[in-house]
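Colleague:
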Amino acid sequence: MTAADPARERARQEARALADRLAHGERRAIAQAISHVEDGTRVGRHFLDLVYERTGRARRVGITGPPGAGKSTLVHVLACLLRREGMRVGVLAVDPTSPFSGGAILGDRVRMPSATGDDGLFVRSMAARGNLGGVAATTYEASEVLEAAGFDWILIETVGVGQSELEVVELADTTVLLLVPESGDAVQVMKAGIMEAADIFVVNKFDREGGDRLITHIETALQLADWNREGGWRPPVCPVIATREEGVDEVRQEIGRHLAWLSGDRERLQRVRRDKIERRVRVLLRRALVEGAWAMAHIEERLQAEIGRIAAREVSPYRWVEKILRGWRYRTG
Amino acid sequence: MGKKIRILVAKPGLDGHDRGAKIIATAFRDAGFEVIYTGLHQTPEMIVDAAVQEDVDILSISVLSGAHMTIFPRVLALLKEKGAADMHVIGGGIIPDEDAEKLMGMGVGAIFGPGTPTTEPIDYIRDWWMKHHQEQDS
Chain X
1207 MTAADPARER ARQEARALAD RLAHGERRAI AQAISHVEDG TRVGRHFLDL
1257 VYERTGRARR VGITGPPGAG KSTLVHVLAC LLRREGMRVG VLAVDPTSPF
1307 SGGAILGDRV RMPSATGDDG LFVRSMAARG NLGGVAATTY EASEVLEAAG
1357 FDWILIETVG VGQSELEVVE LADTTVLLLV PESGDAVQVM KAGIMEAADI
1407 FVVNKFDREG GDRLITHIET ALQLADWNRE GGWRPPVCPV IATREEGVDE
1457 VRQEIGRHLA WLSGDRERLQ RVRRDKIERR VRVLLRRALV EGAWAMAHIE
1507 ERLQAEIGRI AAREVSPYRW VEKILRGWRY RTG
Chain Y
9 MGKKIRILVA KPGLDGHDRG AKIIATAFRD AGFEVIYTGL HQTPEMIVDA
59 AVQEDVDILS ISVLSGAHMT IFPRVLALLK EKGAADMHVI GGGIIPDEDA
109 EKLMGMGVGA IFGPGTPTTE PIDYIRDWWM KHHQEQDS
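Chain order of the listed sequences is X and Y. According to our numbering, the residues represented by the first sequence are 1207 to 1539, in order. According to our numbering, the residues represented by the second sequence are 9 to 146, in order.
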């Protein structure tokens, strides 16, 4: 644990080398840095520490919605649009991990035919790896890698979500919620959760039956909620047919308007960002504390030793947890 | 957390037969791998570009069109060009034995023909992984 720890010093050197290659725009270095961050390696942590000061300038947009709503297609069309504006675009596309095998099919590239040879576009698929909030536990850090690599915009596509997977809101400056005409009636759109999280609504596949009705429902719900969100941002509702690229220009304009609104009040913008970073630090610290305590108190071994008796109803899980906690308190004095 | 085997499953060429690629992608998922599935009609340039961005360990390429003697060498050359020659390439599809021999001489790790049980490439990948992967210290 001292500065002379050779493994630690090696990890530092590797992280430094990775940061240098990243600064020279080497695409493989970007990809490898994301892997380190995803795998939670020591190199990854040193790397994030090294590049932290270079982050915080990109515009981060979250794209969320139910499975099959057209998220990948919209992300692809948006990315192309931004590229035509000369913006460098990084995409993080998250797909679910199987809780049974731990494997995953990451299929978002099927709908994102990558412009080969375009250094201004970088697309990375991420498996959720057990995280249930719609993104991976390390998607935030992956976006910091892309920011450090100099991308102006980061588009974050969530897994197909239900009503309450909202973590993307913590990662993004602007959250776009995609729905389809079949997405629900007036009561569905009044429910708490994801409908409250959207800064921009997109009704995709608008050529299908029911699109106008859904827009009316959303707008009514927004009025009922009196939408007194701070500073009075009223989420717009955009009809879109992403496969034909119809309406995507308007989505791009609305994202721009939202970002302008966000930064219109410097104090508010700083407060919002500070709050998000504070919550992020809490998440990181909590994760580190749990992992650290878990290892230090040999909890895994003790659980394995006791689980049979707990399952046989010989020991109650409540008493066992209490016992672990008491031992922990004693140990830490 | 910890390292996962990441594998790109690609189907180059103009034919639309991706059933085999989909079966193998699903088998890899069930084996616990993270499978980046790119879909049909991929050029070697697209395949290598995707492999680099996704930082995969292995590229699994299915060729049924008879173009294997152009596609595999091109993929290997592009990987070298992009500084990613350490990524491992395996193949499947309809490839005559003598061609498979030649491809393996060029650096393709293994070729799996039609009717191969899916456990075979999975065992092969796990063995390769054990031999080549140094555990990252975390």
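Glycine residues also receive a C-beta, built at the ideal position from the N, C-alpha and C atoms. All of these numbers come straight from a predicted model, not from anything done at the bench.
1. Roughly how far, in whole angstroms, is the beta-carbon of L16 of chain Y from the beta-carbon of L67 of chain Y, given that I think they are within contact range, below 8 Å?
2. 8 Å is my cut-off, CB to CB: does D1245 of chain X come that close to chain Y?
3. Just how far apart, CA to CA, sit A1221 of chain X and E1497 of chain X?
4. What is the DSSP secondary structure of M77 of chain Y, counted as helix, strand or coil?
5. What's the call for M54 of chain Y, buried or exposed, on a 16-neighbour Cβ count within 10 Å?
6. Please name the residues in the segment 1308–1322 of chain X whose beta-carbon is closer than 7 Å to at least one beta-carbon of chain Y, in chain order.
7. Measure the alpha-carbon distance for Y1258 of chain X versus G1250 of chain X and round it to whole angstroms.
8. If you measure between the beta carbons of D1379 of chain X and L1468 of chain X, is that distance less than 8 Å?
9. For Q1206 of chain X, count neighbouring C-beta atoms within 10 Å of its own C-beta (all shown protein chains included) and say buried if the count is 16 or more, exposed if not.
10. Reducing DSSP to helix, strand and coil, say where F41 of chain Y ends up.
11. Measure the C-alpha to C-alpha separation of V60 of chain Y and E42 of chain Y and round it to an integer number of angstroms.
12. Less than 6 Å between C-beta atoms, sequence neighbours within five positions excluded: which residues of the same chain meet that for G101 of chain Y?
13. How about R37 of chain Y and S1304 of chain X: do their beta carbons lie closer than 8 Å?
14. In three-state terms, what does DSSP make of G1539 of chain X?
15. Note down the Cα distance separating G113 of chain Y from I119 of chain Y, rounded to an integer number of angstroms.
16. Closer than 9 Å by beta-carbon distance: list the chain X residues that pair up with K90 of chain Y, in chain order.
17. Is the shortest distance between the beta-carbon of Y45 of chain Y and the beta-carbons of chain X less than 8 Å?
18. With 16 as the cutoff for other CB atoms within 10 Å, does I133 of chain Y come out buried or exposed?
19. Under the three-state reduction of DSSP, which class applies to R1294 of chain X: helix, strand or coil?
20. Whose C-beta lies closer than 8 Å to the C-beta of R1508 of chain X among residues of the same chain, with five residues either side of it excluded?
21. Excluding the five sequence neighbours on either side, which residues of its own chain have a C-beta within less than 6 Å of the C-beta of A1342 of chain X, listed in chain order?
22. Quick check on G1296 of chain X: buried or exposed, where buried means 16 or more other Cβ atoms within 10 Å of its Cβ?
23. Chain X partners of G21 of chain Y, CB-CB under 7 Å?
24. For G1533 of chain X, collect the residues of the same chain with a Cβ closer than 6 Å to its Cβ; drop the 5 residues on either side in sequence, then sort them by chain order.
25. In angstroms with no decimal places, state the Cα-to-Cα distance between G47 of chain Y and R1485 of chain X.
26. Going along chain X, which residues have a C-beta under 8 Å from R37 of chain Y?
27. So, for F1412 of chain X: in the same chain, excluding its five sequence neighbours on each side, which residues have a beta-carbon less than 8 Å away from its beta-carbon?
Modeller: From the atom records:
1. The sequence position of residue 16 of chain Y within the second sequence is 8, counting from 1. The sequence position of residue 67 of chain Y within the second sequence is 59, counting from 1. About 5 Å; that satisfies the 8 Å criterion.
2. In the first sequence, counting from the first residue as 1, residue 1245 of chain X sits at position 39. So, interface residue.
3. Here residue 1221 of chain X is taken as the residue at index 15 of the first sequence, counted from 1. Here residue 1497 of chain X is taken as the residue at index 291 of the first sequence, counted from 1. Taking C-alpha positions only, A1221 of chain X is separated from E1497 of chain X by approximately 22 Å.
4. Mapped onto the second sequence, residue 77 of chain Y falls at position 69. The three-state reading of DSSP puts M77 of chain Y in helix, counting H, G and I together.
5. Numbered from its first residue, the second sequence carries residue 54 of chain Y at position 46. By the 16-neighbour rule on beta-carbons within 10 angstroms, M54 of chain Y is buried.
6. G1308, G1309, A1310, I1311, L1312, G1313, R1315, V1316, S1320 and T1322
7. Counted from its first residue, the first sequence places residue 1258 of chain X at position 52. Counted from its first residue, the first sequence places residue 1250 of chain X at position 44. Straight-line spacing of the CA atoms in Y1258 of chain X and G1250 of chain X works out to 12 Å.
8. The residue given as residue 1379 of chain X occupies position 173 in the first sequence. The residue given as residue 1468 of chain X occupies position 262 in the first sequence. Between D1379 of chain X and L1468 of chain X, the CB-CB gap stays under 8 Å.
9. Nothing about residue 1206 of chain X can be reported from this structure: the residues present for chain X run from 1207 to 1539 only.
10. On the second sequence, residue 41 of chain Y is found 33 positions in, with the first residue counted as 1. Coil.
11. Reading the second sequence from its first residue, position 52 is the one you call residue 60 of chain Y. Reading the second sequence from its first residue, position 34 is the one you call residue 42 of chain Y. If you take the alpha carbons of V60 of chain Y and E42 of chain Y, they lie about 15 Å apart.
12. Within the second sequence, the letter at position 93 stands for residue 101 of chain Y. Setting aside the 5 residues that flank it on each side, G101 of chain Y is surrounded in the same chain by S70, V71 and L72, each with a C-beta closer than 6 Å to its C-beta; the list follows chain order.
13. On the second sequence, position 29 is the one that residue 37 of chain Y refers to. On the first sequence, position 98 is the one that residue 1304 of chain X refers to. Yes. Within cutoff.
14. By 1-based counting over the first sequence, the position of residue 1539 of chain X is 333. For G1539 of chain X, the pLDDT reaches just 47, beneath the cut-off of 50, and the residue's location in the model is therefore unreliable, although a value from the coordinates is still provided. If DSSP states are grouped into helix, strand and coil, G1539 of chain X belongs with coil.
15. Sequence index remark: in the second sequence, residue 113 of chain Y carries index 105 (1-based). Sequence index remark: in the second sequence, residue 119 of chain Y carries index 111 (1-based). If you take the alpha carbons of G113 of chain Y and I119 of chain Y, they lie about 12 Å apart.
16. In the second sequence, residue 90 of chain Y corresponds to position 82, counting from 1. One finds R1233 and R1234 in chain X with Cβ atoms closer than 9 Å to the Cβ of K90 of chain Y, taken in chain order.
17. By one-based count along the second sequence, residue 45 of chain Y stands at place 37. When Cβ-Cβ separations below 8 Å define contact, Y45 of chain Y makes contact with chain X.
18. On the second sequence, position 125 is the one that residue 133 of chain Y refers to. Buried, since its Cβ has 16 or more Cβ neighbours within 10 Å.
19. Locating residue 1294 of chain X in the first sequence gives position 88, counting from the first residue. Three-state DSSP puts R1294 of chain X in coil, outside helix and strand.
20. Taking the first sequence and counting its residues from 1, the one referred to as residue 1508 of chain X is at position 302. So the list reads I1530, once near-sequence residues are dropped.
21. Reading the first sequence from its first residue, position 136 is the one you call residue 1342 of chain X. V1300, M1332, A1334 and R1335, listed in sequence order.
22. Mapped onto the first sequence, residue 1296 of chain X falls at position 90. Per the 10 Å Cβ criterion, buried.
23. For the purposes of this step, residue 21 of chain Y is taken as residue 13 along the second sequence, with counting starting at 1. Result: empty, since nearest Cβ-Cβ is about 15 Å, beyond 7 Å.
24. If you number the first sequence from 1, residue 1533 of chain X lands on position 327. There are no such residues.
25. Counted from its first residue, the second sequence places residue 47 of chain Y at position 39. Counted from its first residue, the first sequence places residue 1485 of chain X at position 279. Straight-line Cα distance between these residues: approximately 38 Å.
26. What you label residue 37 of chain Y is simply residue 29 of the second sequence in a count that begins at 1. For R37 of chain Y, the residues of chain X that pass the 8 Å Cβ criterion are S1304, S1307, G1309, A1310 and I1311, in the order they occur in the chain.
27. Taking the first sequence and counting its residues from 1, the one referred to as residue 1412 of chain X is at position 206. Closer than 8 Å at the Cβ level, and outside the excluded window around F1412 of chain X, lie P1387, P1445, V1446, I1447, E1452 and G1453.
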